[in-house]
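I have placed the structure first, in the form of structure tokens, so that the comments after it can refer back to it.
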Amino acid sequence: MDFLLVADSILVLFILMGIGFAASKTNYLDRAGSKSLSSFLVNIALPCLVVVSMQIPLNPQTIEKTWTTLTLALTFFAISILIALIVPQFLPAKYSERGVFSFMLVFSNLGFMGIPVTQAVFGADAVFYTTLFMLPFNLLVFTIGLIMLRPDMRMNFNPGLFVNPGIIASLIGMLFFFTGISIPSPVYDVMNYLGSTTTPLAMVVTGSLLATMPVSNLFSDYRIYILSAFRLLIIPVVVWLVISPFATDPVIFAVPVLLAAMPAAANSVILAEEYNADSTLASKGVFITTLLSIVTIPVLTVLLM
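Under the numbering used here, the first residue of the sequence shown carries the number 1203, and numbering increases by one thereafter.
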């Protein structure tokens, strides 16, 4: 059942990539169109998704587990960031490519794949814990994530780059989370509709970029397989070893490990495209890690259970 669930999620992603691939090959979606679509996603759809994903109710019964999960989430990302800063230095990659590799090592597909997989394996409680992981995820994507994608920023730091819809949405979402403010229903519905377009359209953009390269190039870059080994196997194992002494609740322990095993985030492509990083490399990374995860996620799920 776990295998079928993962296969179903991945099949949807590949169909969406296939649509983008076909749209590019038939000239319905050219490079300029992909760029515009990425801009819409990064500046409108993704910020809406960020705010909506942080509409998590807090109550006295869950407050202790909430703080435990957030602590584990910060540990999770600290481990990923440390690995992401080290591994690309040993890859034969251009300076600009290293940032894309780092981004894909830190940020996995928590939303589209993480939520349905953890829910199916561990039940409704796992959805709550998975959603909590989106809090630091959203904030880090638009801060550390942008610095990774644009390594030139380290030498020519521009604080204005951090005044963007994504970071503003993250701060608003966290304010609403910690104060318990709920978005009015009509506004929530509009933002939810817009936010729900993020993953489908991001995969369409990914497919359109894959269409611009020879098929042989898609599978011949051995660096992507090294990335996949860390993204799908090594990082989850390290997270497992580090948090196992501290997580007493089996579900709270298992969720971070499983989320660490998700393929590279679809957002890798649209953010790379929007901020003029190597979106072609990001597309290959998302494609290959998603393909290989059909084997690695079920195996890890069996071990966790």
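By construction, the Cβ of each residue, glycine as well, lies at the ideal position given by its N, Cα and C atoms.
Keep in mind the model is a prediction, meaning the values are calculated, not measured.
Along the alpha helix (DSSP H) that carries residue i, what are the first and last residues, could you check?
{"i": "arginine 1233", "result": "1233–1242"}
{"i": "arginine 1425", "result": "1424–1431"}
{"i": "isoleucine 1437", "result": "1437–1445"}
{"i": "asparagine 1394", "result": "1387–1397"}
{"i": "asparagine 1340", "result": "1326–1343"}
{"i": "proline 1402", "result": "1400–1412"}
{"i": "phenylalanine 1279", "result": "1265–1288"}
{"i": "phenylalanine 1489", "result": "1481–1506"}
{"i": "serine 1255", "result": "1248–1255"}
{"i": "isoleucine 1370", "result": "1367–1381"}
{"i": "leucine 1351", "result": "1346–1351"}
Considering only C-alpha positions, which residue in the set the options is nearest to residue i?
{"i": "serine 1226", "options": "Pro1465, Ser1410, Leu1334", "result": "Ser1410"}
{"i": "valine 1252", "options": "Leu1502, Pro1458, Ser1422, Asn1366", "result": "Asn1366"}
{"i": "arginine 1161", "options": "Met1256, Ser1446, Ser1310", "result": "This structure cannot speak to residue 1161, because the chain is shown only from 1203 to 1507."}
{"i": "isoleucine 1385", "options": "Pro1447, Gln1257, Ile1265", "result": "Gln1257"}
{"i": "methionine 1393", "options": "Leu1276, Gly1235, Leu1243, Ile1212", "result": "Leu1243"}
{"i": "proline 1439", "options": "Ala1456, Tyr1297, Gln1321, Asp1451", "result": "Note on identity: in this sequence residue 1439 is valine, with proline being the wrong assignment. Minimum Cα distance to valine 1439 is reached at Ala1456."}
{"i": "glutamate 1299", "options": "Arg1352, Ala1328, Phe1344", "result": "Arg1352"}
{"i": "asparagine 1340", "options": "Glu1266, Tyr1424, Leu1373, Glu1475", "result": "Leu1373"}
{"i": "proline 1458", "options": "Ile1428, Ser1241, Ser1446", "result": "Ser1446"}
{"i": "leucine 1334", "options": "Ala1474, Ile1454, Ala1479", "result": "Ile1454"}
{"i": "leucine 1529", "options": "Val1323, Trp1442, Ser1236", "result": "Not covered by the structure: residue 1529. The range shown for the chain is 1203 to 1507."}
{"i": "valine 1417", "options": "Phe1330, Asp1210, Ile1490", "result": "Ile1490"}
{"i": "phenylalanine 1314", "options": "Phe1305, Gly1325, Thr1332, Ala1326", "result": "Thr1332"}
{"i": "isoleucine 1499", "options": "Gln1291, Val1323, Leu1403", "result": "Val1323"}
{"i": "alanine 1468", "options": "Val1488, Leu1272, Met1415", "result": "Val1488"}
{"i": "valine 1191", "options": "Tyr1297, Ala1371, Ser1470", "result": "What is shown of the chain runs 1203 to 1507, which leaves residue 1191 out entirely."}
{"i": "leucine 1312", "options": "Lys1296, Ala1431, Ser1470", "result": "Ser1470"}
{"i": "tyrosine 1477", "options": "Ser1241, Leu1231, Leu1206", "result": "Ser1241"}
Just the Cα atoms here: how many angstroms apart are residue i and residue j?
{"i": "leucine 1274", "j": "aspartate 1391", "result": "31 angstroms"}
{"i": "leucine 1461", "j": "threonine 1400", "result": "19 angstroms"}
{"i": "phenylalanine 1216", "j": "leucine 1396", "result": "21 angstroms"}
{"i": "cysteine 1250", "j": "isoleucine 1472", "result": "15 angstroms"}
{"i": "leucine 1342", "j": "proline 1294", "result": "26 angstroms"}
{"i": "alanine 1449", "j": "alanine 1463", "result": "18 angstroms"}
{"i": "glycine 1220", "j": "leucine 1493", "result": "13 angstroms"}
{"i": "methionine 1203", "j": "valine 1501", "result": "Only weak support is given to the placement of methionine 1203: the predicted model assigns it a pLDDT of 48, under 50, and the question is left unresolved by the model."}
{"i": "asparagine 1419", "j": "leucine 1248", "result": "30 angstroms"}
{"i": "arginine 1405", "j": "leucine 1213", "result": "According to the sequence provided, residue 1405 is methionine. The question's arginine does not apply to it. So the alpha carbons of these two residues sit roughly 12 angstroms apart."}
{"i": "serine 1398", "j": "valine 1389", "result": "14 angstroms"}
{"i": "asparagine 1229", "j": "glycine 1222", "result": "10 angstroms"}
{"i": "isoleucine 1349", "j": "phenylalanine 1278", "result": "19 angstroms"}
{"i": "leucine 1483", "j": "isoleucine 1285", "result": "19 angstroms"}
{"i": "alanine 1224", "j": "arginine 1233", "result": "13 angstroms"}
{"i": "tryptophan 1191", "j": "glutamine 1321", "result": "The first residue shown for the chain is 1203 and the last is 1507, placing residue 1191 beyond what the model contains."}
{"i": "lysine 1267", "j": "aspartate 1451", "result": "9 angstroms"}
{"i": "aspartate 1327", "j": "glutamine 1291", "result": "38 angstroms"}
{"i": "aspartate 1480", "j": "glycine 1375", "result": "29 angstroms"}
{"i": "serine 1304", "j": "serine 1387", "result": "38 angstroms"}
{"i": "leucine 1505", "j": "threonine 1271", "result": "21 angstroms"}
{"i": "serine 1211", "j": "valine 1329", "result": "16 angstroms"}
{"i": "phenylalanine 1421", "j": "threonine 1414", "result": "14 angstroms"}
{"i": "threonine 1264", "j": "asparagine 1245", "result": "33 angstroms"}
{"i": "proline 1262", "j": "tryptophan 1269", "result": "12 angstroms"}
{"i": "aspartate 1423", "j": "threonine 1503", "result": "28 angstroms"}
{"i": "lysine 1296", "j": "alanine 1474", "result": "15 angstroms"}
{"i": "leucine 1231", "j": "alanine 1431", "result": "32 angstroms"}
Mind checking who residue i pairs with in its DSSP beta bridge?
{"i": "serine 1310", "result": "Ala1466"}
If residue i and residue j are in contact, beta carbons under 8 angstroms, what's the gap, nearest whole angstrom?
{"i": "valine 1308", "j": "isoleucine 1283", "result": "6 angstroms"}
{"i": "valine 1302", "j": "isoleucine 1496", "result": "Their Cβ separation, rounded to whole angstroms, is 23 angstroms, which puts valine 1302 and isoleucine 1496 out of contact at 8 angstroms."}
{"i": "isoleucine 1426", "j": "lysine 1486", "result": "5 angstroms"}
{"i": "glycine 1382", "j": "leucine 1260", "result": "6 angstroms"}
{"i": "valine 1174", "j": "leucine 1239", "result": "Because the chain spans 1203 through 1507 in this model, residue 1174 falls outside it and cannot be assessed."}
{"i": "isoleucine 1288", "j": "valine 1444", "result": "Contact doesn't hold; Cβ gap of about 16 angstroms is too wide."}
{"i": "leucine 1337", "j": "phenylalanine 1378", "result": "With a Cβ gap of about 11 angstroms, leucine 1337 and phenylalanine 1378 do not count as contacting."}
{"i": "leucine 1429", "j": "methionine 1306", "result": "6 angstroms"}
{"i": "leucine 1218", "j": "proline 1402", "result": "5 angstroms"}
{"i": "phenylalanine 1344", "j": "isoleucine 1369", "result": "4 angstroms"}
With 8 angstroms as the threshold, decide whether the Cβ of residue i is near any Cβ in chain D.
{"i": "leucine 1435", "result": "Among the chains of the structure shown, chain D does not appear; only one protein chain is present."}
Would you say the beta carbon of residue i comes nearer than 7 angstroms to a heavy atom of the ligand MN?
{"i": "proline 1452", "result": "The ligand MN is not part of the structure shown, which contains no ligands of any sort."}
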